[in-house]
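A.B. asks:
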Amino acid sequence: MKISPHGLVSLFSIILLLGFASSLHISLDEFESHPATSRALLREKKPCKEDFANKDYTIITSRCKGPNYQANECCSAFKEFACPYAEAISDKTTECAAEMFYFIEIYGHYPLRLFVDMCSEGEGGMDCTSVNATSPSLPPA
1 MKISPHGLVS
11 LFSIILLLGF
21 ASSLHISLDE
31 FESHPATSRA
41 LLREKKPCKE
51 DFANKDYTII
61 TSRCKGPNYQ
71 ANECCSAFKE
81 FACPYAEAIS
91 DKTTECAAEM
101 FYFIEIYGHY
111 PLRLFVDMCS
121 EGEGGMDCTS
131 VNATSPSLPP
141 A
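Going letter by letter, the sequence shown gives residues 1 to 141 in UniProt numbering.
(1) For Cys128 versus Cys64, is the C-beta distance shorter than 8 angstroms?
(2) Does Lys49 come out as helix, strand or coil in the three-state DSSP assignment?
(3) Between which two residues does the alpha helix (DSSP H) harbouring Asn54 extend?
(4) Measure how close the beta-carbons of Pro47 and Glu95 come, nearest whole angstrom, since I'm counting them as under 8 angstroms.
(5) Report the residue from Gly66, Phe78, Gly124 whose alpha carbon sits nearest the alpha carbon of Ile104.
(6) Suppose only complete runs of 4+ residues qualify. What are the alpha helix (DSSP H) ranges in the region 80-123, listed by chain order?
(7) For Cys119, collect the residues of the same chain with a Cβ closer than 8 angstroms to its Cβ; drop the 5 residues on either side in sequence, then sort them by chain order.
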């Protein structure tokens with residue numbers, strides 16, 4: 001049986017394409033989520049010991065009102081609320097800061113980053129030395 005030149009070219013092309021196709025194969029496993037890895041990344045930060053979901057945010061919501069948020073009033077209210085938790089919020093190994101800002105924004109219907117952008121006092125964040133350091137979660141001694 002004789003193979004025509006066109007048949008040889010077609011056969012050669014198919015073999016060549018199959019060779020390229022197998023060398024260009026990328027496993028889709030690389031693009032799929034791996035639950036164990038994903039959970040490990042999410043758990044890099046420790047849970048917060050403060051229960052920010054159940055804190056009383058009225059000190060902020062009663063004084064910091066929009067749409068024209070006044071920095072003086074909003075930031076002083078924010079400091080009164082947040083400074084007693086300064087140690088927990090400043091601990092970058094926990095979720096405390098993220099949780100606190102989340103609940104402030106949810107309960108007060110504030111724009112994202114309002115307090116971060118308005119109340120930052122430099123690279124150190126906020127100065128809490130002028131605010132009562134007694135934690136509101138504990139009764140005063």
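In this text, a Cβ means the ideal position worked out from N, Cα and C, and glycines have one as well. Small disclaimer: the values here were computed from a predicted structure and weren't measured.
C.D. replies: Looking at the atomic coordinates:
(1) Residue 128 sits at position 128 when you count from the first residue of the sequence shown. Residue 64 sits at position 64 when you count from the first residue of the sequence shown. Cβ distance not < 8 angstroms, so Cys128 and Cys64 don't count as in contact.
(2) Residue numbering aside, residue 49 sits at position 49 when the sequence shown is read from its first letter. Three-state result, Lys49: coil.
(3) Within the sequence shown, residue 54 is the residue found at index 54, counting from 1. Unbroken run through Asn54: none, as it is neither H nor E.
(4) The residue labelled residue 47 in the question sits at position 47 within the sequence shown. The residue labelled residue 95 in the question sits at position 95 within the sequence shown. Rounded, the Cβ-Cβ distance is 6 angstroms, consistent with contact.
(5) Here residue 104 is taken as the residue at index 104 of the sequence shown, counted from 1. Of the listed residues, the one whose Cα sits closest to Ile104 is Phe78.
(6) Taking only runs of at least 4 residues, the alpha helix (DSSP H) segments lying wholly in the region 80-123 are 86-90, 96-108, 114-119.
(7) Translated into the one-based positions of the sequence shown, residue 119 becomes position 119. The beta carbon of Cys119 is closer than 8 angstroms to those of Ala71, Cys74, Cys75, Phe78, Lys79, Met126 in its chain, skipping five residues each way along the sequence.
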